[in-house]
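Protein chains in written order, with this note's numbering: chain L, 379 to 510; chain W, 379 to 510. C-beta atoms are modelled at their ideal positions from N, C-alpha and C, and glycine is treated no differently. Computed from a prediction, not measured in an experiment: that's the story for all the values here.
Number of protein chains: 2
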Amino acid sequence: MQKEHNLSKNQKIIFDLIDKSGGPMKAYSILFNVQKKGIKAPLQVYRALDKLVEIGKIHKIESRNAFIACQNSSCQISKATAFSICESCENVSEISNSKLSKYLSNFSDNSGMKYSKYNLEFFGLCKKCKLK
Amino acid sequence: MQKEHNLSKNQKIIFDLIDKSGGPMKAYSILFNVQKKGIKAPLQVYRALDKLVEIGKIHKIESRNAFIACQNSSCQISKATAFSICESCENVSEISNSKLSKYLSNFSDNSGMKYSKYNLEFFGLCKKCKLK
DNA sequence: CTTATAAATGTTATATTATTACATAACGTT
DNA sequence: AACGTTATGTAATAATATAACATTTATAAG
Ligand SMILES: [Zn+2]
Ligand SMILES: [Zn+2]
Ligand SMILES: [Zn+2]
Ligand SMILES: [Zn+2]
Chain L
379 MQKEHNLSKN QKIIFDLIDK SGGPMKAYSI LFNVQKKGIK APLQVYRALD
429 KLVEIGKIHK IESRNAFIAC QNSSCQISKA TAFSICESCE NVSEISNSKL
479 SKYLSNFSDN SGMKYSKYNL EFFGLCKKCK LK
Chain W
379 MQKEHNLSKN QKIIFDLIDK SGGPMKAYSI LFNVQKKGIK APLQVYRALD
429 KLVEIGKIHK IESRNAFIAC QNSSCQISKA TAFSICESCE NVSEISNSKL
479 SKYLSNFSDN SGMKYSKYNL EFFGLCKKCK LK
C-alpha cells in the first residue's frame, strides 16, 4: 500500500502540471506555466521539485535536466529508476521491468561497494521516429 | 585496436588535465585550471569536452555535471557507460563488467524500441565512507 | 488551547552550467 | 593553390540551480 503524502499547495500545483503534461518538463517551463497560480520564483519551483523527487512522485531525467511524473505506481522513492529516451523526438518513458530492476538492485562489482540507488537511461529512436 | 585520435591543442590540454586529476571535473573548474595555458572562455572548454565525449576519451557524469577520463581502454565511443558514485565523498569510478554491459546492451522491453546507447549511474557509500 | 518544532512559503539576489552568433585560423585532401 | 572541414578566439547571453533571510502554516506534544 502506498503511503499517502499530503502534498502542499505548491507541490500539488506543480505535480499536477507535470503529471498532466504526460512527458518531461523543465524547471523554467514549469515556472512559466504556474505563474498565473502565484508561483513566481525559481526557488519555489525547485523546492517543490526536490520534495516530489524525494517522495518518488516525479523523477529527474538527468541527461535532460527535466522532470517527469512517475509512471510506475510502485516507485515511492526514487531509488531505482530506468528510462527510455528517444533522441529524435525526446519522448521519455519510464521502464518498468522487474527482471531489470532485480538485476540492477542486486548488482555488485569487485569494489566492495553496496549500492543503494541507481539511475539508468537508455537512448535510441522510438517507433515513430524510426519510420521517418 | 584503438583508432588513434589526434587531439587538437585545446583538446589535449583539457584531456590531460582531466586524466591527471583522476576524478570527475566540472567545466568551470577545468576552465579555471587551463587559463594559464591560454584557454580563456567557457566555450573553448565546452567544445573540447564535446569532442572528447564524442570520441570516448571522457564521459559525462550526468547527475553531477562533471567529466571524467575513460578508465576503460575499450570505450572508444561513449555508448555504454556505467559508473559508481559515492554520495559522501563524490568519488566516481567507471564500472567495467562484461556481464553487465552485455545484459544492458541486449536489453529490450515491450516498447519495440531498440536502444543504441545507455548510461547507468549507481549511488552508495564507498568503502572508506562506510567506515566513518 | 498553548507552546514548541518542523515544514513550507515568499522574495531578492546570485551562482553555476551551457549555448548563440560571428569572425578567423589551421588542417587535410586533391 | 583551392577547397572543404575542423578547430579556435571572443563577446554576449541563455538556461539551470542555489544562498540567505524573513515569514507563515502545519503537526504534535503537553
Ligand atoms: Zn517511478
Ligand atoms: Zn521519437
Ligand atoms: Zn569508458
Ligand atoms: Zn566515499
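Leaving out the 5 sequence neighbours to the left and right, which residues in its chain are closer than 6 angstroms to Ile455(L) when beta-carbon positions are compared?
Correct list, in chain order: Gly434.
For ligand 5, which residues count as neighbours when the test is a C-beta closer than 7 angstroms to any heavy atom?
This structure lacks ligand 5; the ligands present are ligand 1, ligand 2, ligand 3 and ligand 4.
Interface positions of the region 474-508 of chain L facing chain W (Cβ-Cβ less than 7 angstroms), listed along the chain:
Those residues of the region 474-508 of chain L placed with their C-beta closer than 7 angstroms to a C-beta in chain W are Asn475, Leu478, Tyr481, Phe485, Asp487, Ser489, Gly490, Met491, Lys492, Tyr493, Ser494, Lys495, Tyr496, Asn497, Leu498, Glu499, Phe500, Phe501, Gly502, Cys504 and Lys505, ordered along the chain.
Flag Gln449(L) as yes when its Cβ comes closer than 8 angstroms to any non-hydrogen atom of ligand 1, and as no otherwise.
Taken from the Cβ of Gln449(L), at least one heavy atom of ligand 1 lies inside 8 angstroms.
Examine ligand 1 and report whether any of its heavy atoms sits within less than 8 angstroms of the Cβ of Gly416(W).
It does not: the Cβ of Gly416(W) is nowhere closer than 8 angstroms to a heavy atom of ligand 1.
Can you look up Phe337(W) in the DSSP assignment and give me helix, strand or coil?
Nothing about residue 337(W) can be read from this structure; chain W reaches only from 379 to 510.
Closer than 8 angstroms is the cut-off here; do at least three beta carbon pairs connect the region 438-448 of chain W with the region 473-488 of chain W?
Too few Cβ pairs lie closer than 8 angstroms, so no.
Any C-beta of chain L sitting closer than 9 angstroms to the C-beta of Glu432(W)?
It does not: the Cβ of Glu432(W) has no partner Cβ on chain L nearer than 9 angstroms.
Assuming the contact rule is C-beta atoms closer than 8 angstroms, Ile463(L) and Phe500(L) should be a hit. Round their C-beta distance to whole Å, please.
Rounded to whole angstroms, the Cβ separation of Ile463(L) and Phe500(L) is 7 angstroms, and the two are in contact under 8 angstroms.
Do Leu421(L) and Leu385(L) have their C-beta atoms within less than 9 angstroms of each other?
No, the pair does not count as a contact, with Cβ atoms beyond the cut-off.
Check the DSSP bridge columns for Val470(W) and list the partner residues they point to.
Per DSSP, Ile463(W).
Among Leu478(W), Ser479(W), Ser474(W) and Arg442(W), the one whose alpha carbon lies nearest that of Glu468(W)
Checking every option, the nearest Cα to that of Glu468(W) belongs to Arg442(W).
Taking 9 angstroms as the CB-CB cut-off, is Ser386(L) touching chain W?
Interface residue (Cβ-Cβ distance to chain W less than 9 angstroms): Ser386(L) is not classified as such.
Where does Ile446(L) sit, in a helix, a strand or coil, going by DSSP?
The three-state secondary structure of Ile446(L), taken from DSSP, is strand.
By Cβ distance, which residues of its chain are closer than 6 angstroms to Glu472(W), with the 5 residues on each side in sequence left out?
Closer than 6 angstroms at the Cβ level, and outside the excluded window around Glu472(W), lie Gln449, Asn450 and Phe461.
Answer with buried or exposed for Phe466(W), where buried requires no fewer than 16 other C-beta atoms within 10 angstroms of its C-beta.
Reading the sequence as shown, one finds Ser at residue 466(W) and not Phe. With fewer than 16 other Cβ atoms within 10 Å, it is exposed.
So with CB distances below 8 angstroms, who are the chain W contacts of Glu440(L)?
Within chain W, the residues Glu440, Ser441 and Glu499 have their CB atoms less than 8 angstroms from the CB of Glu440(L), given in chain order.
Measuring straight from C-alpha to C-alpha, what distance separates Ile436(W) and Lys477(W)?
A straight line joining the alpha-carbon of Ile436(W) with that of Lys477(W) spans about 22 angstroms.
Between which two residues does the beta strand (DSSP E) holding Ile439(L) run?
Counting along the chain, the beta strand (DSSP E) containing Ile439(L) begins and ends at Ile436 to Ile439.
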